Amino acid sequence: RFYYATEEVRGHCLDVGCGRFNRFVTEFLNGNGRGIDVFPYEGLTADQIVKDMSHFPFASSQFDSVTFLANINHVPKPTRDSELAESYRCLRPKGKIIVTMGNPLTEILVHKIVWLYDRYFGTHVDMDGERGMKEEEEYYLLDSEIIDRLKKAGFAKIRKRYFITQWCLNHMFIAEKPQ
């Protein structure tokens, strides 16, 4: 996902739900961005933890790109629209949003397999298991819901791109904030 998203990111990027060590921004964007999360994962600083994701601590039009990498389904259902609206607000005109999501069956299987792997081997591969899945979260979102929510937030020119190297079981949506 990171490699494909990197191809679409332009300029200064806000990675929402960045996870451990803010890896996408630090390793794939060479530090050209900012990662935020609601959970205090290992390697994150206090200023990267945002408890209320319906109000990002950034000025309007501050970023050229916003990413939700394999995590829009973990945004609680009642706050998905407000979080996407905040992403829209923080983007400059012509800025891009990139949202990745796996095939529904794949998402469920991968979550369950990784959870079992962690339990059996005592590892911490599964970030969802580390923080726990909340009631309003889901293992996946249907493409139609992602598209509808992006449109509702004001995004335009929505397109879908498959990850060929992952047997097309993973894909992303790229949309733009109009001028």
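The sequence shown: position 39 = 44 (the numbering used here), numbered continuously.
In this text, a Cβ means the ideal position worked out from N, Cα and C, and glycines have one as well.
If you're wondering where the values come from, they're calculated on a predicted model, not measured in any experiment.
Just to confirm, is the Cβ distance from residue i to residue j under 9 Å?
{"i": "T143", "j": "N37", "result": "At residue 143 the sequence reads Glu, which differs from the Thr that was named. No, Cβ-Cβ distance for E143 and N37 is not below 9 Å."}
{"i": "I102", "j": "K156", "result": "no"}
{"i": "A75", "j": "R25", "result": "no"}
{"i": "Y46", "j": "C18", "result": "no"}
{"i": "R85", "j": "S66", "result": "no"}
{"i": "K82", "j": "E32", "result": "no"}
Apply the 10 Å Cβ neighbour rule to residue i and answer buried if 16 or more other Cβ atoms are within range, or exposed otherwise.
{"i": "F68", "result": "buried"}
{"i": "G127", "result": "exposed"}
{"i": "D42", "result": "buried"}
{"i": "S70", "result": "buried"}
{"i": "G100", "result": "buried"}
{"i": "T170", "result": "exposed"}
{"i": "T105", "result": "buried"}
{"i": "Y9", "result": "buried"}
{"i": "I118", "result": "exposed"}
{"i": "D20", "result": "buried"}
Let me check one thing: in DSSP terms, what residues is residue i bridge-paired to?
{"i": "V14", "result": "None; V14 has no bridge partner."}
{"i": "G107", "result": "N175"}
Assuming residue i contacts residue j (C-beta within less than 8 Å), just tell me the rounded distance between them.
{"i": "Q53", "j": "N27", "result": "7 Å"}
{"i": "A158", "j": "A90", "result": "5 Å"}
Q: Let me know the alpha helix (DSSP H) ranges lying completely inside the segment 111 to 182, each 4 residues or longer, listed in chain order.
A: 132 to 136 and 148 to 158
Q) Which whole runs of the alpha helix (DSSP H) in the segment 25 to 103 are 4 residues long or more, in chain order? A) 85 to 95
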